[in-house]
Amino acid sequence: MARRFITKVDIDRLLAEGKRTLEVDGDTTVTDHAKEFALARGVTITRTGSPARTSPPATEDRAAVRSAVIAALGTVPQGLDSILDRVLGEHPGS
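This is how it looks when you write it as structure tokens:
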């Protein structure tokens, strides 16, 4: 099963549907921005079950997050790779 990412856009959709709760499994990552956005709007995020598999290598997570950011913004933001390195704790060249 592929890792799923929940973003602010997903929380917007949930609210538009009149829902205030979101259940996610162990293979789902909720971005920090989505968590903050949900909290500010009274949306409860609940984790269910356990991961179906072990965690993928960090490079797969990084690629998935990078793709999600570019898809959401429609462009590659300046400094995206250095931000991802910092946020994900990766160090170039290591």
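Positions -19 to 74 (my numbering) are the ones given, in order, by the sequence shown. Built from N, CA and C at the ideal position, the CB exists for glycine as well. What you are looking at is a predicted structure, and each value in this text was computed from that prediction instead of being measured.
Let me confirm a value: residue i is counted as buried when at least 16 other C-beta atoms fall within 10 Å, else exposed. Which label applies?
i, result
"residue -13", "buried"
"residue 50", "exposed"
Are residue i and residue j closer than 8 angstroms when you measure CB to CB?
i, j, result
"residue 26", "residue 1", "yes"
Helix, strand or coil: how does DSSP classify residue i here?
i, result
"residue 42", "helix"
"residue 4", "strand"
"residue 10", "strand"
"residue 27", "strand"
"residue 66", "helix"
Could you tell me the distance, in whole angstroms, from the CA atom of residue i to the CA atom of residue j?
i, j, result
"residue 64", "residue 41", "10 angstroms"
"residue -8", "residue 12", "15 angstroms"
"residue 56", "residue 43", "13 angstroms"
"residue 99", "residue 47", "The chain is shown from -19 up to 74; residue 99 falls before or after that span and cannot be answered."
"residue 52", "residue -1", "22 angstroms"
"residue 21", "residue 60", "27 angstroms"
Just confirm the distance between the C-beta atoms of residue i and residue j, as a whole number of angstroms; I'd bet it's less than 8 angstroms.
i, j, result
"residue -15", "residue 45", "7 angstroms"
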